[in-house]
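Each residue of the sequence shown is one higher than the one before, starting from 24 at the first, in the numbering used here.
Have a look at the structure below before the remarks.
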Amino acid sequence: MLSHQELTGKVIAAAIAVHQELRPGLDEKLYERALCIELAERGIFFEQQPRYEATYKGRFLGHLIPDLVIERTLIVDAKCVESFLPLHDAQMIGYLNITGLDIALLLNFKVWPLGKRRILRPGFQLHPSP
24 MLSHQELTGK
34 VIAAAIAVHQ
44 ELRPGLDEKL
54 YERALCIELA
64 ERGIFFEQQP
74 RYEATYKGRF
84 LGHLIPDLVI
94 ERTLIVDAKC
104 VESFLPLHDA
114 QMIGYLNITG
124 LDIALLLNFK
134 VWPLGKRRIL
144 RPGFQLHPSP
């Protein structure tokens with residue numbers, strides 16, 4: 024099993040390949056689909072648009088649907104924005120809290136070079152202290 028660092032590195036490399044080929048200027052869903060092709064060609068397991076139930080006091084509220092979940096470990100969200108905003112971080116933290124996963128990766132295909140930001144679930148340490 025790959026470490027979080029190795030997995031995010033492989034996903035970023037795949038996203039850079041997509042970004043270099045398609046360049047900025049397309050809809051984010053097109054980048055997401057191209058990233059799926061690139062991940063599949065690299066043998067990286069992913070789920071596209073998986074649905075996670077959000078509940079409150081045992082009652083169903085709705086579904087959260089991240090763009091991609093890689094190796095059942097990493098949430099990836101493709102964006103086409105001028106720059107990342109706090110609301111993007113908050114969205115990823117919400118996904119992490121609902122899914123129980125620890126790391127999310129935001130990718131911004133609108134900027135050159137590719138924008139990327141790693142978000143950790145509150146309380147999660149990438150390298151635990153001894």
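Glycine is no exception: its CB is placed at the ideal position from the N, C-alpha and C atoms.
Just so you know, these numbers come straight off a predicted model, no measurement behind them.
| Asked | Found |
| --- | --- |
| Shortest alpha-carbon distance to T31 belongs to which of R140, P136, G117, Q148? | R140 |
| Taking C-beta to C-beta, are F69 and V41 nearer than 8 Å? | no |
| Alpha carbon to alpha carbon, how far is I142 from P109? Give it in angstroms, no decimals. | 11 Å |
| So what does DSSP say about G32, is it helix, strand or coil? | helix |
| How close, in whole Å, do the beta carbons of L124 and D100 come, if the pair is a contact with beta carbons under 8 Å? | Between D100 and L124 the Cβ distance is about 12 Å, and since that is not below 8 Å, they are no contact. |
| Can you check which of these residues, K102, I121, G48, V134, is closest to G85 by C-alpha distance? | I121 |
| Using 8 Å as the threshold, is the C-beta distance between E94 and I126 below it? | no |
| Please return the same chain residues whose Cβ sits closer than 6 Å to the Cβ of C59, not counting the five positions on each side in sequence. | Q71 |
| Quick one: grab the DSSP three-state call for K102. | strand |
| Can you have a look at G146 and say buried or exposed, based on whether 16 or more other CB atoms are within 10 angstroms of its CB? | exposed |
| Is L119 near I39, with beta carbons less than 8 Å apart? | no |
| For Q148 and E29, I'd like the C-alpha separation in whole angstroms. | 16 Å |
| Keeping to the same chain, check which residues put their C-beta closer than 8 Å to that of L45; ignore five residues upstream and five downstream. | L53, Y54, A57, F132 |
| Thinking C-alpha only, which one of E76, A36, F83, P73 is nearest E61? | A36 |
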